[in-house]
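Some notes on the structure that comes next.
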Amino acid sequence: MNIAILYMDGTKDYVKATELYENGVKGFEAQFGKDHEYPKKAIGQLKVCLEKSGNEEKLAELKREYPFGAFCLLND
1 MNIAILYMDG TKDYVKATEL YENGVKGFEA QFGKDHEYPK KAIGQLKVCL EKSGNEEKLA
61 ELKREYPFGA FCLLND
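Residue numbers (full-length UniProt numbering): 1 to 76.
Rendered as structure tokens:
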């Protein structure tokens, strides 16, 4: 997940960062389940990445699938 942060905040490569966050979410969910804090934090960061990139469609889809916002740094 740390490399995703570098892509998102360092190089502003939101496409690569989104890909890495999505892979992280899948892995955390497979290992810990959807209700664990690790996938929730990864989902929150993915929401931030999608918002920064302006990908409103994918962000809306993610918010429907994962309605919680406690770990998201930006407002829901």
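Glycine included, every Cβ here is placed at the ideal spot set by N, Cα and C. Quick caveat, the model's predicted, so the values are computed rather than measured.
What number of angstroms, rounded off, separates the C-alpha of LYS63 from the C-alpha of GLY10? Working through the sequence shown from its first residue, we reach residue 63 at position 63. Working through the sequence shown from its first residue, we reach residue 10 at position 10. Rounded to whole angstroms, LYS63 to GLY10 spans 25 Å at the Cα level.
For LEU6, the first and last residue of its enclosing alpha helix (DSSP H): Position 6 of the sequence shown, counting from 1, holds the residue named residue 6. Note, LEU6: premise wrong, no alpha helix (DSSP H); not H, not E.
Starting from GLY24, trace the alpha helix (DSSP H) both ways and give me its first and last residue. To locate residue 24, count along the sequence shown from 1; it is residue 24. Segment 14-32, the alpha helix (DSSP H) holding GLY24.
Please classify GLY54: does DSSP put it in a helix, a strand, or coil? As a working mapping, residue 54 is identified with position 54 in the sequence shown. If DSSP states are grouped into helix, strand and coil, GLY54 belongs with coil.
Apply the 10 Å Cβ neighbour rule to LEU50 and answer buried if 16 or more other Cβ atoms are within range, or exposed otherwise. The residue labelled residue 50 in the question sits at position 50 within the sequence shown. That one is buried.
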